[in-house]
Amino acid sequence: MSATRRDAENKTSREVGHFRRLGGWVERPADLQPELEGDVSADVIVVGAGFAGLSTALELTALGAKVIVLEQEFAGFGASGRNAGYLGGSLGIEFEFFVNRVGIEQAKKIVSFYDEGVTYVERRLDELGIDCDYNRSGNIRVGVHPSQEKKIRKAMELGLELGSKTQFLDQAEMRARGIPPAFLFGYAQQHGGTLDPGKYVMGLRHAALQAGVKLYENTQLLSYTEGPTIRCVTRRGTASAPYLVLATNAYTPQLGLLKDKVVPLRVSAIETEPLSSAQLTSLGWQGREGLITSHWTMESHRLTARNTLVITTKRLGYAYGSQTPNVPDDVAYRELAVALNDRFPTLRGLGIQSSWSGYVSMAYDALPVVGETGAQKNVIYTAGCSGHGVATQSLMGYLLAERIGGVEHPLLAALRHKTPSTLPEPLQWCAVKLALGAANLMDNWVNRKVQGGAAN
Ligand SMILES: Cc1cc2nc3c(=O)[nH]c(=O)nc-3n(C[C@H](O)[C@H](O)[C@H](O)COP(=O)(O)OP(=O)(O)OC[C@H]3O[C@@H](n4cnc5c(N)ncnc54)[C@H](O)[C@@H]3O)c2cc1C
211 MSATRRDAEN
221 KTSREVGHFR
231 RLGGWVERPA
241 DLQPELEGDV
251 SADVIVVGAG
261 FAGLSTALEL
271 TALGAKVIVL
281 EQEFAGFGAS
291 GRNAGYLGGS
301 LGIEFEFFVN
311 RVGIEQAKKI
321 VSFYDEGVTY
331 VERRLDELGI
341 DCDYNRSGNI
351 RVGVHPSQEK
361 KIRKAMELGL
371 ELGSKTQFLD
381 QAEMRARGIP
391 PAFLFGYAQQ
401 HGGTLDPGKY
411 VMGLRHAALQ
421 AGVKLYENTQ
431 LLSYTEGPTI
441 RCVTRRGTAS
451 APYLVLATNA
461 YTPQLGLLKD
471 KVVPLRVSAI
481 ETEPLSSAQL
491 TSLGWQGREG
501 LITSHWTMES
511 HRLTARNTLV
521 ITTKRLGYAY
531 GSQTPNVPDD
541 VAYRELAVAL
551 NDRFPTLRGL
561 GIQSSWSGYV
571 SMAYDALPVV
581 GETGAQKNVI
591 YTAGCSGHGV
601 ATQSLMGYLL
611 AERIGGVEHP
621 LLAALRHKTP
631 STLPEPLQWC
641 AVKLALGAAN
651 LMDNWVNRKV
661 QGGAAN
């Protein structure tokens, strides 16, 4: 490597931290499960070992099914091992995206799906004995400038109408909680909090292995043939079963499915060095609530159990053709570093130790995309979790296991709706870039007002 290139990389690493290809929470497991070789069969094949795939496998096993999981890298490689760790219910969702499309009654049921997800994960952490530093702090959707109050109140009121239980916090209440002063007001949902998603997904992996789930890691599904028995083809083997569950999230379009329904979006994160005890004391923030801002593209700010700050989102990315390259996004990391400085001016100089990105899948109406395909309706898929899959994709495992067992849970029924079709390329690339660019412009306008100290 040339000295100039090394200098440039060192500079980048100082500004945005060390790029972590596997995200900030997980490493490749020491007990990596062997790749599938030869021909195997089961009652159900699950593809993808994130929250959705592992939860489905665990729930099916509890119903007595023989389950195979195929994972292209290792369990937790996808968004489940890379997210910000907000166990959030309906607080984070954009009701106005879907309420008019599905109507108030279905929207209420969808809201309860999001909130039930939190209850489900809390119960599973206890049942499976998973310690993932879960802090039942609740989460708050916050404003950073007075001009955001109207939007926040409107979203909160619509949420209340739909059954999303939240409480408005004015400046005095925010300060009484010790929330850092850049966050002016907001509405809080007490249900939920923050956790270490790496420990959670690895806890699910361990539980699945203990329960007898046959997990093949380093095993990519290359293709499958439909029929009463589905045959999955991997590099060195095949797996057959009467049911196939595709829990492949943002990677699903690459399998030739849901390309017309979901858009893979790149979400990025930075993590600071640990705060000193003096910095933590001066920060206040005793409850360590997870904060998400009400920008068009939100910022999320949270403290971790290791006393670092993790900041995510703010700049989303889309790769032409719904690809999911596992590469750094330095523009996004720099923007997140700006957010760190803007929201925590007293921590100026705090180093950024790492940065990473992952992929979520999003439908144009921001709702989950779940259903079945094939002549036998035995290929079941779940995607479209947007940025809210810690709770929902875990609960999805329970709902899909029941569905395969022959029972359609009312919450699964509530999610069935007509997902709007996405655009073909290159229109999709243009449309997504335009939408993200417009959101960035509006967010920059608010941020400039904050930086300039303007009141309106
Ligand atoms: C930076 C970031 C921050 C986020 N923050 C939050 C948050 O705070 N709270 C929240 O609720 N949500 C958050 N999310 C979203 C959340 O992480 C996801 O919704 C959730 O993890 C999705 O789980 P999943 O199991 O559906 O998919 P994934 O975890 O993506 O799992 C899919 C798996 O399928 C595997 N796979 C794909 N194709 C194949 C194939 N052909 N063969 C075999 N295996 C395959 C992948 O390797 C992967 O392991 C965030 C996401 C990101 C990226």
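Heads up: take any position in the sequence shown, counting from 1, add 210, and you land on the working numbering.
For each residue, glycine too, the CB sits at the ideal point set by N, CA and C.
Could you name the residues of the same chain whose beta carbon sits closer than 6 Å to that of residue i, not counting the 5 residues immediately before and after it, in chain order?
{"i": "Glu-427", "result": "Leu-242, Gln-243, Glu-281, Phe-284"}
{"i": "Arg-512", "result": "Thr-404, Gly-500, Val-520"}
{"i": "Met-508", "result": "Ile-502, Thr-523"}
{"i": "Asp-325", "result": "Gly-299, Ser-300"}
{"i": "Leu-633", "result": "Ala-641"}
Sorted by chain position, which residues of the same chain lie with C-beta nearer than 7 Å to residue i's C-beta, five sequence neighbours on each side aside?
{"i": "Glu-225", "result": "Arg-544, Ala-547"}
{"i": "Ser-433", "result": "Val-443"}
{"i": "Asp-343", "result": "Leu-405, Asp-406, Lys-409, Ala-515"}
{"i": "Asp-249", "result": "Gly-447, Thr-448"}
{"i": "Glu-635", "result": "Tyr-530, Gly-531"}
{"i": "Leu-610", "result": "Thr-266, Val-455, Ile-590, Thr-592"}
{"i": "Val-660", "result": "Val-354, His-355, Asp-552"}
Quick one: is the Cβ of residue i within less than 7 Å of any heavy atom of ligand 3?
{"i": "Ser-565", "result": "Summarising the ligand content, the structure contains ligand 1 and does not contain ligand 3."}
Within the present structure, is the beta-carbon of residue i separated from the nearest heavy atom of ligand 1 by less than 7 Å?
{"i": "Ala-479", "result": "yes"}
{"i": "Leu-465", "result": "yes"}
{"i": "Phe-287", "result": "yes"}
{"i": "Arg-292", "result": "yes"}
{"i": "Ser-510", "result": "yes"}
{"i": "Asn-459", "result": "yes"}
{"i": "Leu-280", "result": "yes"}
{"i": "Leu-431", "result": "yes"}
{"i": "Phe-323", "result": "no"}
{"i": "Ala-449", "result": "no"}
{"i": "Glu-245", "result": "no"}
{"i": "Glu-283", "result": "yes"}
{"i": "Tyr-296", "result": "yes"}
{"i": "Cys-184", "result": "This structure gives no information on residue 184, because the portion of the chain shown stretches from 211 to 666."}
{"i": "Val-570", "result": "yes"}
{"i": "Gln-603", "result": "yes"}
{"i": "Val-580", "result": "no"}
{"i": "Thr-522", "result": "yes"}
{"i": "Ala-611", "result": "no"}
{"i": "Gly-299", "result": "no"}
{"i": "Gly-647", "result": "no"}
{"i": "Phe-261", "result": "yes"}
{"i": "Gly-258", "result": "yes"}
{"i": "His-401", "result": "no"}
{"i": "His-416", "result": "no"}
{"i": "Val-600", "result": "yes"}
{"i": "Gly-527", "result": "no"}
Using 10 angstroms around the beta-carbon of residue i, count the other beta-carbons present and answer buried if the total reaches 16, otherwise exposed.
{"i": "Lys-409", "result": "buried"}
{"i": "Pro-390", "result": "buried"}
{"i": "Thr-435", "result": "exposed"}
{"i": "Met-412", "result": "buried"}
{"i": "Cys-640", "result": "exposed"}
{"i": "Asn-654", "result": "exposed"}
{"i": "Pro-578", "result": "buried"}
{"i": "Thr-491", "result": "exposed"}
{"i": "Pro-438", "result": "exposed"}
{"i": "Leu-519", "result": "buried"}
{"i": "Arg-333", "result": "exposed"}
{"i": "Gly-607", "result": "buried"}
{"i": "Gln-420", "result": "exposed"}
{"i": "Ala-549", "result": "buried"}
{"i": "Arg-445", "result": "exposed"}
{"i": "Ala-479", "result": "buried"}
{"i": "Ser-486", "result": "exposed"}
{"i": "Met-652", "result": "exposed"}
{"i": "Glu-247", "result": "exposed"}
In its own chain, which residues sit with a C-beta less than 8 Å from the C-beta of residue i, not counting the 5 before and 5 after it?
{"i": "Pro-620", "result": "Lys-319"}
{"i": "Phe-305", "result": "Ala-317, Val-321, Ala-365, Leu-368, Gly-369, Leu-372, Ser-374"}
{"i": "Ile-440", "result": "Ile-255, Tyr-434, Ser-450, Ala-451, Pro-452, Tyr-453, Leu-454, Gly-584, Asn-588, Val-589"}
Three Cβ pairs or more, each shorter than 8 Å: is that satisfied between the stretch 396-415 and the stretch 551-559? no
Looking at C-beta atoms only, is the number of pairs between the stretch 637-655 and the stretch 328-346 that lie closer than 8 Å three or more? no
Please specify which runs of the beta strand (DSSP E), each continuous and at least 3 residues long, are wholly inside the stretch 516-596, giving them in chain order. 519-523, 562-572, 579-583, 589-593
Stretch pair the stretch 610-618 + the stretch 301-316: three plus CB contacts closer than 8 Å: no
Quick test of the definition: if touching needs 3 or more C-beta pairs under 8 Å, does the stretch 224-239 touch the stretch 253-262? no
Check whether the stretch 261-278 touches the stretch 521-539, counting contact only when three or more Cβ pairs, one atom from each stretch, lie closer than 8 Å. no
Assess, as a yes-or-no matter, whether the stretch 628-637 is touched by the stretch 565-578 under the definition of 3 or more beta carbon pairs within less than 8 Å. yes
Every unbroken alpha helix (DSSP H) inside the stretch 335-372 [4 residues or more]: 359-371
Using a Cβ distance threshold of 8 Å, determine whether the stretch 583-600 contacts the stretch 289-303, with at least three qualifying pairs required. yes
Which runs of the alpha helix (DSSP H) at least 4 residues long sit entirely within the stretch 403-444? Give them in chain order. 407-421
Counting only runs of 3+ residues fully inside the stretch 266-338, write out the beta strand (DSSP E) ranges in chain order. 277-280
Enumerate, from N- to C-terminal direction, the unbroken alpha helix (DSSP H) stretches of 4 or more residues contained entirely within the stretch 227-258. none
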